[in-house]
Each structure stands twice: as C-alpha cells, then as structure tokens.
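Structure, as structure tokens:
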Ligand SMILES: Cc1ncc(COP(=O)(O)O)c(C=O)c1O
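In our numbering, the protein residues as written are 41 to 458.
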C-alpha cells in the first residue's frame, strides 16, 4: 500500500465509522429528477433541494432542453473562446436586461463564475474583503488569487453580516483597491445579508461590492430579481454573481457588471477560458425559466413565499429552533451530531429527505437538518414533513434540548463490534 492509501484511510476515518454504524447520510443515489424521487426503490419528497421555484421538471423546461439537444447536442467540445452559440449570447443579453446590468457573462458553473471573477480582478493593488462565513467558491477564488505569483492581493475578513466590522476592515486596509465579497442569502443559516448597510459602507470607502446572489435570484424581490431588487439597490452593486443551479433549473454561472468589466473578465478568467462551454440544452432550460420569470415572476415568488410562511409557522409553533433564518431556507437546528443523523434517518424511513449538516460543514453544536421550502412542495407534503419533525423532534429530544445520553454507549458498542 502506498502513502496515498494510508492518507485516504486516515482521512476517511469519520466516514468509515459512520458507514459501519449505518448512519452515513450522503451521496444516496436518486432514481429520477425533481422534488419527488425515489431512493433504493422507495419514494421520497426532497426537502433539501435548491430547486426553489420547483421548475426543474416543468414540461416547458424539459421540452426546451429536448429541442436544444436536437439542434446543438449535449456538448460543444470546447471552451467559449471557440464554442459560443447564439443561445449563449441571447441568454447573456436577456439576463443583463432582466437584472438591470449592462452585460452578462455565462460560466459553466456558479463556482467557476466566482473563482474566475475574483482572479481576473484581484492583484497586488487589491484588498479582498470577505464575510467570514463565505461560500467555498469565494474562499477558493481568494486563495487562488492570493497564491498567484507577483499578483497576490491582501486578504481580510469581516465579521459575518456586520457593516461595522466591514467599515473597520476597509479603514485599515493596506491596498488602494478594495473588492468586498458577500452573499445575498447564506445557504447554511438562511439569513440575508444586511445589503443596504454593506453597500453604504462600500460606497463610503470607494470599495467595489460583489454580491453572490445564488440563493436570492428567483426568490427575493417583488419579481424574483434577487436581493438587489428587494432593497431597491439597482445601479449600486457593481458586480453580481449568480447560478442556474438553484431557481434556474440546471447548472451554470453568471457574472453581471458594466460592459467593459465583463469584457475584461471574459478575456482573463481562467475558469472561463480553460473549461468547456455550458451545454446548450442547459442554456435553453434556463432561458425558458427566465421567460416564466419575465412574464410572471411576481406570482412565482409569491407562491414560494406563501409556502415558506406556512412551513415557518408550523415549525415555530412546534417549538423548533430555526437559528438565524429569515428566508425560505430554514435549518432545523439539532445542535448535536447524533440527533441530526437520527432525525434524518427517521424522516427518510418515512419518505422525507432532509440532509443533516454536521461538523466540519458547521461548527460543533450547530448541527442541523437542511430544510429548504420550495414553491414546488404541496401543503400535504409540508404537513407530513411537519408531523414527522414533531414526532421525531420529541423522540430524539431535539424539541426539549435534552441530551441523548445513553445512546452514546450503544453507538460506541456498535462501533467496536464493527
Ligand atoms: C452562495 C453560493 N455561491 C455559489 C455556489 C455555486 O454554484 P454552482 O452550483 O453553480 O457551482 C453555490 C452553490 O452551492 C452557493 O451556495
């Protein structure tokens, strides 16, 4: 056995222990797409999906993708430099118009959009200023930029969602050009950024704001244009990054900015230049959802918010702790790894999927179930989920907050036996 096997075994120890105890919760293969699917032949309703508008499986969206397969096939076998289609260009123009920016650039994923944008803009004259709960794509783009020879920017963090902390960091930065990175909605806690305050602080310091609105596009604002629309900040957030992998039904990333900035990123972003084009069936699916948002975004968003309000009421009445959530993303805080795992397993046995999030995804003591309410869930499905959460929340002391205690012994016994 070589060192790579030793390393893999060592680092997989936690995973292997969870598998031996039959509580390993990840990578369960779905047998079809959409919010209603099956796992190992048993039907489940997915309450951890990011398909916030429930449009991924809409017949019009699937038909648009099918027609694009006929015309463009599934891949373009090259990067955008030599494999751009009319479908990419049209969608970029429409998204720019819809979101109120001069220009848009499509990437193959939202992750790549963020990494490429940061790397194209940051250099030795830049201070990158990050919320300390930033998504991996913001961290990775920053660390790549920081590791680039001759170009490394200064990197600073501000306290999560604190405009005061941001102000302090901007005042004490060492480089002239500040790029401030934050998210519209934080996906683990479901809390919105205090974007009005953050933008004001950026403006006061001549810093450029980059908002990642992956979870806000299609869900916030009166017509679903996101957090910028919700708070009337059109024209005051110079850079917006978002994704198609939540409300827009597929996969893909986008950058929105002034034309010259988009043009610069288009010629500099390595994650754009050195990775294949977004497949046209995916472009077509997103374009169809954009048409629905353009024509009746207000209804789509209202239906999502009605569902979210219904579920929030039920969860709070039952006594659940939803942490910092003030959106349709409502983590059910269990604050104990075993409680989160047992809740997940019990719900799954009953046809409801809520994925547990445990350390190191969150701090110890902040373990939770990922509960995302979508427009696609029915009242019956939400009622059933609430009933199961109440039953098992009591059975596993999530609602009372008591310790699970003796089950630790059983778990250890099983571990040794394994
Ligand atoms: C805040 C945030 N930004 C970016 C991404 C990445 O998007 P994509 O799935 O398109 O790579 C995600 C998805 O997990 C996200 O939550």
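Ideal placement from N, C-alpha and C gives every residue a C-beta, glycine not left out. The model shown is predicted, which means the values in this text are computed figures rather than measured ones.
May I ask you to list the residues that DSSP assigns as paired with residue i?
i: residue 79; result: 70 and 82
i: residue 144; result: 296
i: residue 412; result: 369
i: residue 119; result: 316
i: residue 226; result: 231
i: residue 435; result: Note: residue 435 sits in no beta bridge, so no partner.
i: residue 262; result: For residue 262, which the question treats as bridged, DSSP gives no partner whatsoever.
i: residue 396; result: 409
i: residue 171; result: 198
Quick check on residue i: buried or exposed, where buried means 16 or more other Cβ atoms within 10 Å of its Cβ?
i: residue 300; result: exposed
i: residue 314; result: exposed
i: residue 383; result: buried
i: residue 113; result: exposed
i: residue 42; result: exposed
i: residue 127; result: buried
i: residue 196; result: buried
i: residue 45; result: exposed
i: residue 212; result: exposed
i: residue 433; result: buried
i: residue 141; result: buried
i: residue 414; result: buried
i: residue 441; result: exposed
i: residue 357; result: exposed
i: residue 380; result: buried
i: residue 270; result: buried
i: residue 48; result: exposed
i: residue 298; result: exposed
i: residue 241; result: buried
i: residue 287; result: buried
i: residue 476; result: Residue coverage of the chain in this structure runs from 41 to 458, which leaves residue 476 outside it and unanswerable.
i: residue 431; result: exposed
i: residue 417; result: buried
i: residue 121; result: exposed
i: residue 83; result: exposed
i: residue 50; result: exposed
Would the beta-carbon of residue i fall within 8 Å of that of residue j?
i: residue 483; j: residue 189; result: For residue 483 there is no data in the structure shown, the boundaries of the chain being 41 and 458.
i: residue 348; j: residue 392; result: no
i: residue 155; j: residue 311; result: yes
i: residue 397; j: residue 225; result: no
i: residue 165; j: residue 216; result: yes
i: residue 309; j: residue 124; result: no
i: residue 329; j: residue 101; result: yes
i: residue 148; j: residue 282; result: no
i: residue 249; j: residue 278; result: yes
i: residue 30; j: residue 175; result: The requested residue 30 does not occur in the structure, where the chain is confined to residues 41 to 458.
i: residue 93; j: residue 411; result: no
i: residue 21; j: residue 296; result: For the chain, the structure presents residues 41 to 458; residue 21 sits outside this window and is missing.
i: residue 168; j: residue 182; result: yes
i: residue 150; j: residue 285; result: yes
i: residue 429; j: residue 376; result: no
i: residue 146; j: residue 294; result: yes
i: residue 324; j: residue 105; result: yes
i: residue 439; j: residue 359; result: yes
i: residue 280; j: residue 184; result: no
i: residue 460; j: residue 108; result: Any property of residue 460 remains undetermined from this structure, which presents the chain solely from 41 to 458.
i: residue 267; j: residue 291; result: no
i: residue 371; j: residue 362; result: yes
i: residue 344; j: residue 257; result: no
i: residue 243; j: residue 203; result: no
i: residue 367; j: residue 272; result: no
Going by DSSP, what residue range makes up the alpha helix (DSSP H) through residue i?
i: residue 282; result: Where residue 282 is concerned, there is no enclosing alpha helix (DSSP H), although the beta strand (DSSP E) it sits in stretches over 279 to 283.
i: residue 340; result: 320 to 358
i: residue 180; result: 176 to 186
i: residue 242; result: 235 to 244
i: residue 164; result: Here residue 164 belongs to no alpha helix (DSSP H), and DSSP marks it neither H nor E.
i: residue 109; result: 99 to 112
i: residue 56; result: 53 to 60
i: residue 207; result: 203 to 211
i: residue 444; result: Careful: residue 444 lies outside any alpha helix (DSSP H) and carries neither H nor E.
i: residue 214; result: Run containing residue 214: none; DSSP gives neither H nor E here.
i: residue 126; result: 126 to 139
i: residue 380; result: 377 to 389
i: residue 268; result: 267 to 270
Taking 7 Å as the cut-off, is the CB of residue i close to at least one heavy atom of ligand 3?
i: residue 334; result: Ligand 3 is not part of this structure, which contains only ligand 1.
From which residue to which residue does the beta strand (DSSP E) around residue i run?
i: residue 294; result: 293 to 297
i: residue 220; result: 217 to 223
i: residue 250; result: 248 to 252
i: residue 195; result: 194 to 198
Would you check if the stretch 416 to 430 and the stretch 86 to 98 touch, i.e. whether three or more CB-CB distances between them fall below 8 Å? yes
Does the stretch 253 to 267 come within contact of the stretch 63 to 71, defined as at least 3 CB pairs closer than 8 Å? no
State whether the stretch 397 to 410 contacts the stretch 348 to 360, with contact taken as three or more CB pairs (one from each stretch) at a distance under 8 Å. no
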